[in-house]
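Just add 56 to wherever you are in the sequence shown, counting from 1, and you've got my numbering.
Just below is one structure, and these are the notes that go with it.
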Amino acid sequence: MLVIGGGVGVESLEQVARAIAAAVPEAQTVVVAGQNERLRARLASLPWPGRVRVEGFVENIHEWMRAADLLVTKAGPTTIAEAMMVGVPIVLWGAIPAQETPNVRLVVKAGAGIWAPGARRAAEAVTYLLRHSGARLAAARESSRMASPEAADRVASILWEIGRGGAPLLTEAPSRNKQPAGPAEGPQARGRLPLSTPCPD
């Protein structure tokens, strides 16, 4: 399992990681503190239960994700995109209001993960997914299905067309999922996993 707080590290990552380690001490857990060296040092000094490894900033985060059964992270767009590229199920423990809340709705609506804000809820969600392999594998499939490996090529093509005057500035990207737009609330939300709290506005 991989527990991260973004490239710069987030102080509340400590509370989340400690709650998870206490809830599932049998799990092998890697906590990535990012570029926050003070946080990395503090995490490394803690008397962790079970098998916990602490890392600072890692450049090959996609390889760590590929090796993980589960990703626990805040709702940063780059992190979510990387997680979907490798098809890892996601537990979202935090989001920057307005800026990252659409990412929460995307993940939950797709069934690719659980919105579990805060340390206690994150630990509950992790425990559920680790002990219910069917739900975890279903989330992994949906995470992989949401990936857009051709996105960079598509953006480059659009920019090239714009540069030569052959494309409008605003275009609607083709949908890979054919799902109607709308909030991820209610029983009709596709693939929503148990334990997800209501998505933030």
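For each residue, glycine too, the CB sits at the ideal point set by N, CA and C.
As summarised for the stretch 138-219, the continuous beta strand (DSSP E) elements at least 3 residues long and confined to that stretch are 146-150, 169-171, given in chain order. Contact annotation: A83 and A179 have beta-carbon atoms that are not nearer than 8 Å. Residue environment analysis places A168 among the buried positions, since at least 16 neighbouring C-beta atoms fall within 10 angstroms of its C-beta.
Closest by C-alpha distance to L95, out of V72, P105, I117, is V72. Rounded to whole angstroms, the Cβ separation of R122 and V142 is 4 Å, and the two are in contact under 8 Å.
In the three-state reduction of the DSSP assignment, L58 falls in the strand class, which pools E and B. With three or more CB-CB distances shorter than 8 Å, the stretch 133-149 counts as touching the stretch 158-173. If you check the CB distance, V59 and V87 come in under 8 Å.
The alpha-carbon separation between A89 and A100 amounts to approximately 10 Å. By the neighbour-count definition (other C-beta atoms within 10 Å, threshold 16), P81 is an exposed residue.
Under DSSP, R98 shares a beta bridge with no residue. Distance from the CA atom of E198 to the CA atom of E93, rounded to whole angstroms, is 34 Å.
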